Amino acid sequence: MNHILIIVGHPSPDSFNAALTQTAKAAISDAGGQYLVHDPYQDGFDPVLSFRKSSDPLTKRYTRDLKEVGGYIVIHPDWWGQPPAMLKGYLDLVFQDNVAYHYPEGGGRSPEGLLSGTAALVLNTSNTAPEEERDRFGGTLEHIWRDCVFGPCGVGSVQRRVFGPVADSTEEGRTQWLGEARELVADYVARNHLVGTVS
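Numbering follows full-length UniProt numbering, with no gaps: position 38 of the sequence shown is 38.
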């Protein structure tokens, strides 16, 4: 299918991340696309790794969706230069071997990606200015999503935008950020031809 998978990693439904999620949904619909949402906090997902959980109904639904969608939008805050622990647990359990990637027979140290989508969009919030995050901390989250998650899983294009600092932002500033997010998502849908459903 050509749905876009929106992966949300924030515990509060009243957060700016939640507002970004609603904006992304609206932008996808307005562009003629369709989406699925994985919201581990709101869905009651247990992120603690257990190999028995591959048979858990929610984990099975998440992995099925991950294999079938045509694109990915990830929305989460920057906490200590990383995604929240919930999202790390989600990655451990959902981006499984033989679901998101596999190692070729006969050895080899590099995995082969199995995801069908070719592009991802990551929207982050932070209390650090984007320039400081880049210059002082080296863009850790960009490296995580591009080089450690999506790249090895076969997704060749990863675009990221950080909004912040959020803590001292104004309503006017947040409204402007949401407008930027809407444009980014609409452009993402159009550039990657993620309109309609392909059986």
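For glycine and all other residues, C-beta sits at the position ideal for the given N, C-alpha and C.
It should be emphasised that the depicted structure is a prediction, and the values quoted were computed from it without experimental measurement.
(request) Assess, as a yes-or-no matter, whether the segment 166-175 is touched by the segment 148-157 under the definition of 3 or more beta carbon pairs within less than 8 Å. (result) no
(request) Leaving out five residues on either side along the sequence, give the residues of the same chain with a beta carbon under 8 Å from the beta carbon of P84. (result) G9, H10, P11, H76, P77
(message) For a test of the three-state rule: what should DSSP assign to Q97, helix, strand or coil?
(response) Inspection of the sequence shows that residue 97 is occupied by Asp rather than by Gln. Strand, per DSSP.
(message) If the criterion is Cβ atoms closer than 9 Å, does the pair L93 and P47 meet it?
(response) yes
(request) Could you check which residue in A24, W79, N127, D97 has the C-alpha nearest to that of I73? (result) A24
(request) Count the CB pairs spanning the segment 177-194 and the segment 13-30 that are closer than 8 Å, and state whether there are at least three. (result) yes
(request) Please report how far the alpha carbon of Q42 lies from the alpha carbon of V195, in whole angstroms. (result) 27 Å
(request) Measuring alpha carbon to alpha carbon, tell me which of L36, K60, A129, L58 ends up nearest D168. (result) A129
(message) For I4 and Y35, which I take to be in contact (beta-carbon distance under 8 Å), what is that distance rounded to the nearest angstrom?
(response) 5 Å
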